[in-house]
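In my numbering, the protein residues as written are 1112 to 1266.
Notes for the one structure printed next.
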C-alpha cells in the first residue's frame, strides 16, 4: 500500500532502515559473513579463469581484480563461501567464523608487513592492506564487545 501521508512514509522508511542496520554483535557477524560472499566469488572467478587459460598461466595473464595465483584463488574461494553459507543460513556460527577469520587475516597482515612471501603465497602491498582492513574489521566485530565494560547485575 502506498500512502501520501508523510508520517506513514517516514515510519515505513525508518522501519526499513532499522531492518538493514545491524544492532547486535551477531547481526554484525552475519553481515560480515555475507560480505565474504564477494571474496568467495572473486576466488571462484580466479580458479575458473586459470582453468580456462590452462597450464602456464601466470598472475600477469590474469584480468585486473583477480591478479592472484591459483592457490590464492582457492584461499579466497573456500573461506569466502564458508562465510557466505554461515552468513545466509547458519547465523549462530557466523560469530566464531568472523573471530577465526579475523585472527587469520590479522596474522597474514602482520606477516605481510615484514615479508611479501608467507604460507607459500606472494602477497604485495595492496593485498596486505586488504588483510589489515578485513582482519581489523573482523577482530572489532568478533572481539570488540569483549573489551566493553559489562553492566553490573543487580542483587
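We treat Cβ as the ideally placed atom computed from N, Cα and C, and that holds for glycine.
1) May I have a chain-ordered list of the alpha helix (DSSP H) segments no shorter than 4 residues that lie completely inside the region 1175-1259?
2) Does the distance from the CB of residue 1173 to the CB of residue 1160 come in under 8 angstroms?
3) May I ask you to verify whether the region 1165-1179 touches the region 1200-1215, counting CB pairs closer than 8 angstroms and requiring at least 3?
4) The alpha helix (DSSP H) that contains residue 1147, what's its start and end?
5) Below 8 angstroms on the Cβ atoms is my guess for residue 1147 versus residue 1182; work out the distance and round it to an integer in Å.
6) Would you grab the beta carbon distance between residue 1213 and residue 1144 for me? Rounded to a whole angstrom, and I think it's under 8 angstroms.
7) Are residue 1176 and residue 1216 close, meaning C-beta to C-beta below 8 angstroms?
8) What whole-angstrom Cβ distance do residue 1187 and residue 1141 have, given they're in contact under 8 angstroms?
9) For residue 1250 and residue 1169, I'd like the C-alpha separation in whole angstroms.
10) Below 8 angstroms between beta carbons: does that hold for residue 1152 and residue 1191?
11) Can you tell me whether residue 1132 is helix, strand or coil according to DSSP?
12) Would you tell me roughly how many angstroms separate the C-alpha atoms of residue 1274 and residue 1234, rounded to the nearest one?
13) Is the distance from the Cβ of residue 1224 to the Cβ of residue 1239 below 8 angstroms?
14) Near residue 1243, which residues of its chain fall below 7 angstroms by C-beta distance, leaving aside the five closest residues on each side in sequence?
Well, looking at it:
1) 1181-1200, 1205-1225, 1236-1254
2) On the chain shown, residue 1173 is found 62 positions in, with the first residue counted as 1. On the chain shown, residue 1160 is found 49 positions in, with the first residue counted as 1. Cβ atoms of residue 1173 and residue 1160: closer than 8 angstroms.
3) no
4) Along the chain shown, read from residue 1 onward, the residue named residue 1147 stands at position 36. It spans 1136-1164 - the alpha helix (DSSP H) in which residue 1147 sits, taken as one unbroken run.
5) Locating residue 1147 in the chain shown gives position 36, where the first residue counts as 1. Locating residue 1182 in the chain shown gives position 71, where the first residue counts as 1. With 8 angstroms as the limit, residue 1147 and residue 1182 do not qualify as a contact, their Cβ atoms being about 19 angstroms apart.
6) Here residue 1213 corresponds to residue number 102 of the chain shown, with the count starting at 1. Here residue 1144 corresponds to residue number 33 of the chain shown, with the count starting at 1. In fact, because the Cβ distance is near 12 angstroms, the residues do not count as touching under 8 angstroms.
7) The residue labelled residue 1176 in the question sits at position 65 within the chain shown. The residue labelled residue 1216 in the question sits at position 105 within the chain shown. Against a cut-off of 8 angstroms, the Cβ pair of residue 1216 and residue 1176 comes out as no contact.
8) The count along the chain shown starts at 1 and reaches residue 1187 at position 76. The count along the chain shown starts at 1 and reaches residue 1141 at position 30. That pair is no contact at about 20 angstroms.
9) For this step, residue 1250 is matched to residue 139 along the chain shown. For this step, residue 1169 is matched to residue 58 along the chain shown. Residue 1250 and residue 1169: Cα-Cα distance of roughly 33 angstroms.
10) By 1-based counting over the chain shown, the position of residue 1152 is 41. By 1-based counting over the chain shown, the position of residue 1191 is 80. Yes.
11) As a working note, residue 1132 is residue 21 in the chain shown. Here residue 1132 sits in coil by DSSP.
12) Lying before the first or after the last residue shown, residue 1274 is absent from the chain, which here runs from 1112 to 1266.
13) Position 113 of the chain shown, counting from 1, holds the residue named residue 1224. Position 128 of the chain shown, counting from 1, holds the residue named residue 1239. Cβ atoms of residue 1224 and residue 1239: closer than 8 angstroms.
14) Translated into positions along the chain shown, residue 1243 becomes position 132. If we look at residue 1243 and ignore the five residues flanking it on each side, its Cβ neighbours are 1220.
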